[in-house]
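Engineer:
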Amino acid sequence: MNKSEATKAQIMRAAIAQFTALGYRGAAVRDIAQAAGVNIGLIRYHFGSKADLYRDTLAFLAEQYNAVCLEALAEARASGSAEEVIYSWLAAPITRWRDAAVADGEQVLAFLNKMGYESPELTRDVYESHYSWALQEWQQAVLDCFPGLSRTDWLWCLTSLRGMYFNLVAHDEFTLWGLPRIGDREAAIRRLASDMVALLRTYAQG
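Okay, so the sequence shown: first residue is 30 according to our numbering, each after it adds one.
(1) What is the rounded straight-line gap between the Cα of H159 and the Cα of E92?
(2) Rounded to whole angstroms, what is the Cα-Cα separation between R220 and E166?
(3) For the alpha helix (DSSP H) that I34 lies in, which residues bound it at each end?
(4) What does a CB cutoff of less than 8 Å around L155 pick up in its chain, not counting 5 residues either side in sequence?
(5) On the premise that A222 lies in contact with I115, defined as a C-beta separation below 8 Å, what is that separation, rounded to the nearest angstrom?
(6) Between the alpha carbons of I69 and D133, how many angstroms are there, rounded?
(7) Verify whether the separation of the beta carbon atoms of C174 and A111 is less than 8 Å.
(8) For A96 and L229, what's the separation of their Cα atoms in angstroms?
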(Lines of atoms letter the chains of each structure in order from A and count residues from 1; the text may use other names and numbers.)
(Lines give C-alpha, C1' and ligand atoms only; values in the text may rest on other atoms or scores of the structure.)
Protein backbone atom coordinates (compact mmCIF):
# COMPACT_ATOMS: atom_id res chain seq x y z
CA MET A 1 0.00 0.00 0.00
CA ASN A 2 1.54 3.31 -1.11
CA LYS A 3 1.18 6.61 0.76
CA SER A 4 -1.87 7.74 -1.21
CA GLU A 5 -3.66 4.42 -0.66
CA ALA A 6 -2.76 4.49 3.04
CA THR A 7 -4.21 7.99 3.38
CA LYS A 8 -7.43 6.96 1.66
CA ALA A 9 -7.71 3.91 3.92
CA GLN A 10 -7.14 6.11 6.97
CA ILE A 11 -9.90 8.49 5.86
CA MET A 12 -12.35 5.69 5.08
CA ARG A 13 -11.64 4.04 8.44
CA ALA A 14 -12.47 7.29 10.23
CA ALA A 15 -15.52 7.85 8.02
CA ILE A 16 -16.94 4.41 8.86
CA ALA A 17 -16.52 5.08 12.58
CA GLN A 18 -18.13 8.53 12.37
CA PHE A 19 -21.00 7.50 10.09
CA THR A 20 -21.75 4.46 12.26
CA ALA A 21 -21.70 6.44 15.49
CA LEU A 22 -23.42 9.63 14.33
CA GLY A 23 -25.30 8.71 11.16
CA TYR A 24 -24.74 10.32 7.78
CA ARG A 25 -26.24 13.67 8.71
CA GLY A 26 -24.54 13.84 12.09
CA ALA A 27 -21.04 13.09 10.82
CA ALA A 28 -19.26 16.27 9.69
CA VAL A 29 -16.34 16.24 7.26
CA ARG A 30 -14.24 18.21 9.75
CA ASP A 31 -14.84 15.53 12.41
CA ILE A 32 -13.90 12.78 9.96
CA ALA A 33 -10.74 14.69 9.08
CA GLN A 34 -9.86 15.13 12.75
CA ALA A 35 -10.47 11.44 13.50
CA ALA A 36 -8.32 10.47 10.51
CA GLY A 37 -5.55 12.88 11.48
CA VAL A 38 -5.66 14.69 8.13
CA ASN A 39 -6.80 18.09 6.93
CA ILE A 40 -10.13 18.59 5.19
CA GLY A 41 -8.35 19.39 1.95
CA LEU A 42 -7.08 15.81 1.71
CA ILE A 43 -10.62 14.47 1.98
CA ARG A 44 -11.72 16.86 -0.76
CA TYR A 45 -8.75 15.80 -2.89
CA HIS A 46 -9.25 12.05 -2.55
CA PHE A 47 -13.05 11.87 -2.39
CA GLY A 48 -14.74 15.20 -3.08
CA SER A 49 -17.89 15.81 -1.01
CA LYS A 50 -19.16 13.98 2.05
CA ALA A 51 -21.68 12.15 -0.15
CA ASP A 52 -18.86 11.05 -2.46
CA LEU A 53 -16.82 9.82 0.51
CA TYR A 54 -19.81 7.87 1.76
CA ARG A 55 -20.54 6.25 -1.60
CA ASP A 56 -16.90 5.50 -2.36
CA THR A 57 -16.46 3.86 1.05
CA LEU A 58 -19.53 1.68 0.54
CA ALA A 59 -18.30 0.71 -2.92
CA PHE A 60 -14.82 -0.09 -1.61
CA LEU A 61 -16.22 -2.40 1.08
CA ALA A 62 -18.47 -4.15 -1.45
CA GLU A 63 -15.54 -5.78 -3.23
CA GLN A 64 -14.38 -7.75 -0.20
CA TYR A 65 -17.89 -8.25 1.18
CA ASN A 66 -19.07 -9.88 -2.04
CA ALA A 67 -15.88 -11.92 -2.39
CA VAL A 68 -16.03 -13.55 1.05
CA CYS A 69 -19.78 -14.14 0.90
CA LEU A 70 -19.71 -15.71 -2.57
CA GLU A 71 -16.73 -17.86 -1.63
CA ALA A 72 -18.64 -19.19 1.39
CA LEU A 73 -21.78 -19.64 -0.70
CA ALA A 74 -19.97 -21.76 -3.28
CA GLU A 75 -18.83 -24.14 -0.55
CA ALA A 76 -22.29 -24.25 1.01
CA ARG A 77 -23.96 -25.04 -2.30
CA ALA A 78 -21.61 -27.97 -2.77
CA SER A 79 -22.73 -29.35 0.61
CA GLY A 80 -26.37 -29.46 -0.47
CA SER A 81 -27.49 -28.16 2.93
CA ALA A 82 -30.10 -25.41 3.10
CA GLU A 83 -28.87 -24.43 6.54
CA GLU A 84 -25.32 -24.06 5.23
CA VAL A 85 -26.52 -21.92 2.32
CA ILE A 86 -28.20 -19.50 4.72
CA TYR A 87 -25.51 -19.61 7.39
CA SER A 88 -22.61 -19.21 4.95
CA TRP A 89 -23.73 -15.81 3.71
CA LEU A 90 -24.65 -14.46 7.12
CA ALA A 91 -21.45 -15.60 8.83
CA ALA A 92 -18.92 -14.88 6.07
CA PRO A 93 -18.26 -11.20 6.89
CA ILE A 94 -17.36 -12.22 10.46
CA THR A 95 -15.55 -15.50 9.83
CA ARG A 96 -13.80 -14.84 6.51
CA TRP A 97 -12.96 -11.12 6.41
CA ARG A 98 -9.34 -10.84 5.32
CA ASP A 99 -8.23 -7.23 4.94
CA ALA A 100 -9.05 -5.06 7.95
CA ALA A 101 -7.00 -2.05 6.84
CA VAL A 102 -10.22 -0.03 6.53
CA ALA A 103 -12.61 -2.04 8.73
CA ASP A 104 -13.10 -5.54 10.06
CA GLY A 105 -16.17 -7.57 9.20
CA GLU A 106 -18.17 -6.66 12.29
CA GLN A 107 -17.49 -2.94 11.75
CA VAL A 108 -18.66 -3.30 8.16
CA LEU A 109 -21.92 -4.93 9.26
CA ALA A 110 -22.57 -2.20 11.84
CA PHE A 111 -21.90 0.45 9.17
CA LEU A 112 -24.17 -1.20 6.59
CA ASN A 113 -26.95 -1.57 9.13
CA LYS A 114 -26.76 2.04 10.30
CA MET A 115 -26.68 3.46 6.79
CA GLY A 116 -29.42 1.18 5.50
CA TYR A 117 -31.83 2.57 8.08
CA GLU A 118 -30.67 6.19 8.26
CA SER A 119 -29.75 7.06 4.67
CA PRO A 120 -31.59 4.70 2.31
CA GLU A 121 -31.74 7.32 -0.43
CA LEU A 122 -27.95 7.68 -0.45
CA THR A 123 -27.38 3.96 -0.10
CA ARG A 124 -29.73 2.78 -2.83
CA ASP A 125 -27.61 3.54 -5.90
CA VAL A 126 -24.46 2.00 -4.41
CA TYR A 127 -26.41 -1.04 -3.26
CA GLU A 128 -27.90 -1.57 -6.72
CA SER A 129 -24.56 -1.24 -8.52
CA HIS A 130 -22.22 -2.99 -6.06
CA TYR A 131 -24.14 -5.29 -3.69
CA SER A 132 -27.44 -6.43 -5.21
CA TRP A 133 -26.08 -8.80 -7.88
CA ALA A 134 -24.23 -10.91 -5.30
CA LEU A 135 -27.13 -10.86 -2.86
CA GLN A 136 -29.45 -12.03 -5.64
CA GLU A 137 -27.17 -15.01 -6.24
CA TRP A 138 -27.51 -15.97 -2.58
CA GLN A 139 -31.27 -15.50 -2.65
CA GLN A 140 -31.52 -17.79 -5.68
CA ALA A 141 -29.42 -20.40 -3.88
CA VAL A 142 -31.87 -20.29 -0.96
CA LEU A 143 -34.89 -20.56 -3.28
CA ASP A 144 -33.30 -23.56 -5.00
CA CYS A 145 -33.35 -25.35 -1.63
CA PHE A 146 -37.13 -24.84 -1.26
CA PRO A 147 -38.82 -25.57 -4.62
CA GLY A 148 -42.35 -24.94 -3.33
CA LEU A 149 -41.56 -21.56 -1.78
CA SER A 150 -43.29 -18.58 -3.36
CA ARG A 151 -41.41 -15.37 -4.01
CA THR A 152 -43.79 -13.46 -1.75
CA ASP A 153 -43.26 -15.84 1.17
CA TRP A 154 -39.50 -15.70 0.65
CA LEU A 155 -39.45 -11.90 0.72
CA TRP A 156 -41.49 -11.95 3.93
CA CYS A 157 -39.05 -14.38 5.53
CA LEU A 158 -36.07 -12.41 4.20
CA THR A 159 -37.34 -9.23 5.83
CA SER A 160 -37.64 -11.03 9.17
CA LEU A 161 -34.24 -12.66 8.72
CA ARG A 162 -32.55 -9.34 7.97
CA GLY A 163 -33.97 -7.71 11.08
CA MET A 164 -32.93 -10.54 13.39
CA TYR A 165 -29.51 -10.87 11.75
CA PHE A 166 -28.49 -7.25 12.09
CA ASN A 167 -29.84 -7.16 15.61
CA LEU A 168 -27.35 -9.94 16.40
CA VAL A 169 -24.30 -8.63 14.57
CA ALA A 170 -24.49 -4.85 14.32
CA HIS A 171 -24.63 -3.68 17.93
CA ASP A 172 -21.63 -3.40 20.22
CA GLU A 173 -23.12 -3.47 23.72
CA PHE A 174 -26.87 -3.96 23.56
CA THR A 175 -29.29 -5.21 20.92
CA LEU A 176 -32.19 -3.11 19.69
CA TRP A 177 -34.38 -4.80 22.30
CA GLY A 178 -32.04 -3.88 25.16
CA LEU A 179 -30.65 -7.40 25.57
CA PRO A 180 -26.91 -7.75 26.22
CA ARG A 181 -24.67 -8.23 23.22
CA ILE A 182 -24.50 -11.82 21.96
CA GLY A 183 -21.23 -13.37 23.16
CA ASP A 184 -20.88 -16.04 20.48
CA ARG A 185 -22.16 -14.48 17.28
CA GLU A 186 -21.26 -17.44 15.09
CA ALA A 187 -23.34 -19.77 17.26
CA ALA A 188 -26.21 -17.26 17.26
CA ILE A 189 -26.08 -17.00 13.46
CA ARG A 190 -26.07 -20.80 13.22
CA ARG A 191 -29.19 -20.96 15.39
CA LEU A 192 -30.82 -18.24 13.30
CA ALA A 193 -30.08 -20.15 10.09
CA SER A 194 -31.50 -23.36 11.56
CA ASP A 195 -34.68 -21.60 12.69
CA MET A 196 -35.06 -19.96 9.28
CA VAL A 197 -34.79 -23.33 7.52
CA ALA A 198 -37.65 -24.66 9.67
CA LEU A 199 -39.76 -21.59 8.84
CA LEU A 200 -39.03 -21.76 5.11
CA ARG A 201 -39.94 -25.46 5.02
CA THR A 202 -43.29 -24.65 6.59
CA TYR A 203 -44.00 -22.02 3.94
CA ALA A 204 -42.74 -24.24 1.10
CA GLN A 205 -45.05 -27.07 2.13
CA GLY A 206 -47.98 -24.70 1.96
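All residues carry an ideal CB built from backbone N, CA and C; glycine is no exception.
Quick caveat, the model's predicted, so the values are computed rather than measured.
Structural biologist: For this structure:
(1) Counting from 1 along the sequence shown, the entry for residue 159 is found at position 130. Counting from 1 along the sequence shown, the entry for residue 92 is found at position 63. Approximately 8 Å between the Cα atoms of the pair.
(2) If you number the sequence shown from 1, residue 220 lands on position 191. If you number the sequence shown from 1, residue 166 lands on position 137. When the Cα atoms are used, R220 and E166 turn out to be separated by approximately 23 Å.
(3) On the sequence shown, residue 34 is found 5 positions in, with the first residue counted as 1. In the sequence on display, residue 34 carries Glu and not Ile. Boundaries of the alpha helix (DSSP H) harbouring E34: 32-55, taken from the DSSP string.
(4) In the sequence shown, the residue the question calls residue 155 occupies position 126. The displayed chain sequence assigns Val, not Leu, to residue 155. Here the set comprises R84, L87, A88, A91.
(5) For this step, residue 115 is matched to residue 86 along the sequence shown. For this step, residue 222 is matched to residue 193 along the sequence shown. Going by Cβ atoms, the distance from I115 to A222 rounds to 4 Å, so yes, they are a contact pair.
(6) Taking the sequence shown and counting its residues from 1, the one referred to as residue 69 is at position 40. Taking the sequence shown and counting its residues from 1, the one referred to as residue 133 is at position 104. Their backbone Cα atoms lie some 25 Å apart in a straight line.
(7) As a working mapping, residue 174 is identified with position 145 in the sequence shown. As a working mapping, residue 111 is identified with position 82 in the sequence shown. Closer than 8 Å, so yes.
(8) Position 67 of the sequence shown, counting from 1, holds the residue named residue 96. Position 200 of the sequence shown, counting from 1, holds the residue named residue 229. Using only the alpha carbons, I get a separation of about 26 Å.
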